[in-house]
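A.B. asks:
There are 2 protein chains.
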Amino acid sequence: MSLSEYFPIYEKLSAKDQEMLTSLAQLRKVPQGSIIHNGGMDCLGLLVIRSGQLRSYISSDEGREITIYRLFERDICLFSASCIMQNIQFDITISAEKETEFWIIPPKFYKELMARDVEVANYTNDLMATRFTELMWLVEQIMWKSFDKRLAKFLLEEYYLEGEPETLKITHEIIAGHLGTAREVVTRMLKYFQTEGMVKLTRGSIAIVDEVRLGDLAEE
Amino acid sequence: MSLSEYFPIYEKLSAKDQEMLTSLAQLRKVPQGSIIHNGGMDCLGLLVIRSGQLRSYISSDEGREITIYRLFERDICLFSASCIMQNIQFDITISAEKETEFWIIPPKFYKELMARDVEVANYTNDLMATRFTELMWLVEQIMWKSFDKRLAKFLLEEYYLEGEPETLKITHEIIAGHLGTAREVVTRMLKYFQTEGMVKLTRGSIAIVDEVRLGDLAEE
């Protein structure tokens with residue numbers, strides 16, 4: 007499978023631009039845990055995900071974190087190329103949650119392409135609108151949803167992402183980093199979930215015991 | 007002053023598009039308190055602000071609110087034309103905080119223009135990137151900043167926006183709606199600010215007594 011099958015508007019590019027894109031894009035594979043992009047000064051390029059899973063998050067001065075969005079196969083990451091637009095001014099970190107393979111489209115080439123190709127410019131608009139919608143959703147979650155519902159939703163997402171395993175291998179610290187809270191808060195709520203018979207906790211892992219009730223809680 | 011002076015890329019349009027834009031755009035004046043746009047189903051068009059002040063916010067099912075951004079003279083509002091992009095999927099309300107005059111650019115015309123004019127498409131990208139940056143800033147504020155700092159910052163912003171008046175005419179309810187919290191929380195913190203000699207409270211208004219200390223608090 008080549009880049010042409012993963013880049014949605016490839017067919018709309020001129021033959022010359024298709025050739026340029028294919029020759030300039032670099033395929034790279036990184037192990038789980040790699041930091042791929044770090045902050046507003048960094049400008050790696052557009053990422054086109056071939057396989058794996060990336061996480062984009064922000065951090066506070068005190069080292070707390072919250073996940074902004076995740077990227078999966080066929081997703082495209084624009085904010086790792088923030089230098090293509092002067093008005094993108096925020097510090098985001100992108101790390102690999104699993105071994106991930108992706109193409110990097112150089113920012114200089116993409117910027118130049120976007121400036122002259124109306125299809126590429128509008129496609130970039132769509133990408134940004136999608137991320138904007140996700141970010142608005144996150145704001146609503148943070149503002150109006152109580153923490154038990156957010157945690158229930160996160161656990162189920164992880165459960166489905168990992169293919170419904172017997173136990174989820176994830177620490178309370180890592181969950182806290184996804185949801186923007188402190189480890190103690192996660193531990194307290196998980197213990198409550200356990201008392202209610204929704205999960206079973208063992209060292210370093212969590213078993214989903216009552217998927218239906220967790221789902222009801224998340225949907226409330 | 008005509009639309010041509012308020013729409014930043016007017017000069018880059020073809021003579022024909024300039025003429026179409028000018029003839030299709032409608033100038034409208036609304037009184038303070040008007041709801042201009044309400045939710046994702048609504049698609050009024052792009053707004054180009056000639057004078058006044060708009061507020062864009064989201065609401066919870068329980069009627070709590072939080073301000074997402076404000077718009078002033080020469081600002082352009084894209085999300086009142088959410089139908090121009092299918093990936094804009096969220097419900098935002100836009101209301102007039104002061105008497106406001108603006109042009110409405112019809113969404114159908116703008117969408118068609120954006121689809122064929124690379125300058126317009128890239129300009130729209132820049133608009134969205136600006137809002138995205140503001141929204142990221144808001145997430146950081148909500149997540150990492152304590153409420154006293156956010157309130158201090160908001161009071162000073164209002165103070166400067168209103169031209170440093172003797173007293174700010176604003177209710178605790180309205181402040182709560184800007185900052186996404188309950189009225190009681192605002193009242194409690196304002197009373198604490200008063201005890202500390204930073205503000206003086208009277209019915210329906212707030213006097214800024216110690217601008218410097220409020221500023222220090224907001225900057226911390």
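So the protein sequences, as listed, match chains A and B. If you use the numbering used here, the first sequence corresponds to residues 7 to 226, in order. If you use the numbering used here, the second sequence corresponds to residues 7 to 226, in order. A virtual CB, placed ideally from N, CA and C, is assigned to each residue, including glycine.
#1: Quick one: what does DSSP say A:Ala102 is sitting in, helix, strand or coil?
#2: Give the single residue among B:Tyr75, B:Ala224, B:Val192, B:Asp222 whose Cα lies nearest to the Cα of B:Ile212.
#3: Using 8 Å as the threshold, is the C-beta distance between A:Ala224 and A:Lys155 below it?
#4: Put B:Ser211 into one of helix, strand or coil per three-state DSSP.
#5: Starting from A:Tyr63 and walking both ways along the beta strand (DSSP E), at which residues does that stretch end?
#6: Tell me, to the nearest whole angstrom, how far the beta carbon of A:Leu141 is from that of A:Ile98; I am working on the premise that it is less than 8 Å.
#7: What number of angstroms, rounded off, separates the C-alpha of A:Ile15 from the C-alpha of A:Tyr129?
#8: Got a sec: which bits of the region 126-146 of chain B sit with their beta carbon under 9 Å from any beta carbon on chain A, in order along the chain?
#9: Just the chain A side, please: which residues come within less than 8 Å of B:Ile148 by C-beta, in chain order?
#10: Just list the residues that DSSP pairs B:Glu71 with in beta bridges.
#11: Taking C-beta to C-beta, are B:Leu52 and B:Arg76 nearer than 8 Å?
#12: On the CB-based measure, 16 or more other CB atoms within 10 Å of its CB, does A:Met120 come out buried or exposed?
#13: Could you spell out where the beta strand (DSSP E) holding A:Asn44 opens and where it closes?
#14: Output, in sequence order along the chain, the residues in the region 63-83 of chain B whose CB is closer than 8 Å to any CB in chain A.
#15: Where do the N-terminal and C-terminal ends of the beta strand (DSSP E) with A:Arg56 fall, by residue?
#16: Cα separation between B:Ile72 and B:Gln24?
#17: What number of angstroms, rounded off, separates the C-alpha of B:Met195 from the C-alpha of B:His178?
#18: Alpha carbon to alpha carbon, how far is B:Leu157 from B:Glu217? Give it in angstroms, no decimals.
#19: Determine the direct distance from the alpha carbon of A:Trp109 to that of A:Val54, and round the result to whole angstroms.
C.D. replies: Put simply:
#1: strand
#2: B:Val192
#3: yes
#4: strand
#5: 60-65
#6: With 8 Å as the limit, A:Leu141 and A:Ile98 do not qualify as a contact, their Cβ atoms being about 11 Å apart.
#7: 8 Å
#8: Val126, Ala127, Asn128, Thr130, Asn131, Asp132, Leu133, Met134, Ala135, Thr136, Arg137, Phe138, Thr139, Leu141, Met142, Trp143, Leu144, Val145, Glu146
#9: Val145, Ile148, Met149
#10: B:Ser65
#11: no
#12: buried
#13: 41-44
#14: Ile64, Ser66, Asp67, Glu68, Arg70, Ile72, Ile74
#15: 52-57
#16: 37 Å
#17: 10 Å
#18: 13 Å
#19: 5 Å
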